[in-house]
DNA sequence: GCAAAAGTGTTGTCATTACACCCATGA
DNA sequence: TCATGGGTGTAATGACAACACTTTTGC
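Residue numbers (the working numbering), protein chains in the order written: chain A, 29 to 239; chain B, 29 to 239.
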């Protein structure tokens, strides 16, 4: 298959997903171990090749369905990578997507890695991740942040998520004032339980959450 | 050529450029007339297929060199379009780029069209343009604006460009105050000539302009 | 002197920043 | 009672918005 595209215009089209979640004030990314060459046993981003009648998003949803349930609206296309040498086998371009997972959607942290602890990844996946993080940082907004939050959460958790994505410290009092004035959140009737400190009030996003 | 990719993963990779400039307070886009089917005689965005050893940007620079001189850094990749039916001949995805041209780089306005006067375009190019405009509006910043300006310009022209891209009216006094306080601009020693009104002082961007 | 665009200041409002201590809970 | 994170108010500063008239040029 790999040597088929002697015609110069043809190429493989791949998608790769940078699946992010936040745990313990750290941004984590889903990676899997490659089982075949090239880059056998290296970590890589999940993804795969487009089928004939699929959009890139449909491919991703198909490829990721045993990792997590994703919907079109929670996939963010951020960049397409076209370096002709990015795949040593044959010409393959990759369309990069970001998916943000709330902790509720993450059943196991087994395949999630901290980005600063990464050594060598397969292909140009290091570069793809870097570009994804840059995109996130440049586009921090309530919609993106919301995707990373569980249905109910304390304000301080929300603050942590903002801080991790924007890579900036935020003043606690100012943050609470601003977010509460914005009417984005609704206070829930329940509070935290079984924590060995003062239990926090829980909030949720007030808009209709697409699930 | 078109029926060659029976193998499901292969496809054509195209790039399309949304080349913008501003004239008389209007955003103009470069379009050309298709000379062959499908969509013969329709207007279309310039672009073409990637060669084997080219990045998408290299393809664009090759394809556009008889329209205008472009450099890597003045091309902005904004979205990739993967609808399997977007090309009726065979599977072709398109990587969309925006190029911003200062009036100095536009030798003739012959092929430039106002976006609101467009009827039907070839393929999904209407959609690509819409997406490009949205990208511009969401990412108005000094770097982008700078690419649209000539080397020397009156402040009010700069204001017009901001207004056209952001699709908002800006108060003249407030704009001048803000931009002059920002130290982005240097006042030139020359002023406008041959205008039948009070001649404006000319300014230029103070940073090193990559040409 | 008329048309056309250039240029100019002040005031009010709102958003953002900086900053430090007490509170409620579990162990 | 101690450790842990939750929760609170005020004052100063800076950014932004609203607003209308005079100036300089060519014709």
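Note that beta-carbon positions come from the ideal geometry of N, C-alpha and C, so glycine has one too. As the structure is a prediction and not an experimental result, all values here were calculated from the model.
Can you round the beta-carbon distance between residue 215 of chain A and residue 190 of chain A to whole angstroms, since I take them to be within the 8 Å contact cut?
So it is not a contact: roughly 19 Å between Cβ atoms.
Should residue 39 of chain B be labelled buried (16 or more other beta-carbon atoms within 10 Å of its own) or exposed?
buried
Fully enclosed by the region 99 to 131 of chain B, which alpha helix (DSSP H) runs are 4 residues long or longer?
Runs found: none.
Does the separation of the CB atoms of residue 73 of chain B and residue 153 of chain B fall below 7 Å?
Yes. Within cutoff.
Cβ separation of residue 195 of chain A and residue 165 of chain A, assumed to be a contact under 8 Å, to the nearest whole Å
6 Å
Could you spell out where the beta strand (DSSP E) holding residue 90 of chain B opens and where it closes?
No beta strand (DSSP E) holds residue 90 of chain B; the alpha helix (DSSP H) holding it covers 84 to 92.
Whether residue 87 of chain A touches residue 43 of chain A by CB criterion (7 Å):
Going by C-beta atoms, residue 87 of chain A is nearer than 7 Å to residue 43 of chain A.
Can you give the beta carbon distance from residue 77 of chain A to residue 45 of chain A, rounded, assuming they're within the 8 Å contact cut?
About 13 Å; that fails the 8 Å criterion.
Which residues mark the beginning and the end of the beta strand (DSSP E) in which residue 206 of chain A is found?
Residue 206 of chain A -> not in any beta strand (DSSP E); alpha helix (DSSP H) instead, spanning 200 to 209.
According to DSSP, residue 49 of chain A sits in a beta bridge with which residue or residues?
A:56
Answer with buried or exposed for residue 223 of chain B, where buried requires no fewer than 16 other C-beta atoms within 10 angstroms of its C-beta.
exposed
Buried/exposed call for residue 110 of chain A, threshold 16 Cβ in 10 Å:
Buried, because 16 or more other Cβ atoms sit within 10 Å of the Cβ of residue 110 of chain A.
Could you have a look at residue 145 of chain B and say whether DSSP puts it in helix, strand or coil?
helix
Measure the CB-CB distance between residue 47 of chain B and residue 58 of chain B and report whether it falls below 7 Å.
yes
Taking 8 Å as the cut-off, does the region 173 to 187 of chain B touch the region 59 to 73 of chain B (at least 3 CB pairs, one atom from each stretch)?
no
According to DSSP, which residues form a beta bridge with residue 62 of chain A?
Paired residues: none, contrary to the question.
Residue 231 of chain B: first and last residue of the uninterrupted beta strand (DSSP E) it sits in:
229 to 233
Less than 7 Å between C-beta atoms, sequence neighbours within five positions excluded: which residues of the same chain meet that for residue 197 of chain B?
191
I'd like the span of the beta strand (DSSP E) that includes residue 218 of chain A, first residue to last.
213 to 219
Can you give the Cα-Cα distance for residue 140 of chain A and residue 207 of chain A, rounded to whole angstroms?
29 Å
What first and last residue would you give for the beta strand (DSSP E) that runs through residue 77 of chain A?
75 to 77
Residues that residue 43 of chain A bridges to, as DSSP identifies them:
In the DSSP output, where bridge partners are listed per residue, residue 43 of chain A has A:76 and A:123.
May I have the straight-line CA-CA distance separating residue 113 of chain B from residue 123 of chain B, to the nearest angstrom?
15 Å
When the cut-off is 7 Å and only beta carbons count, does residue 115 of chain A lie next to chain B?
Using beta-carbon distances, residue 115 of chain A does not count as an interface residue toward chain B, since no partner is under 7 Å.
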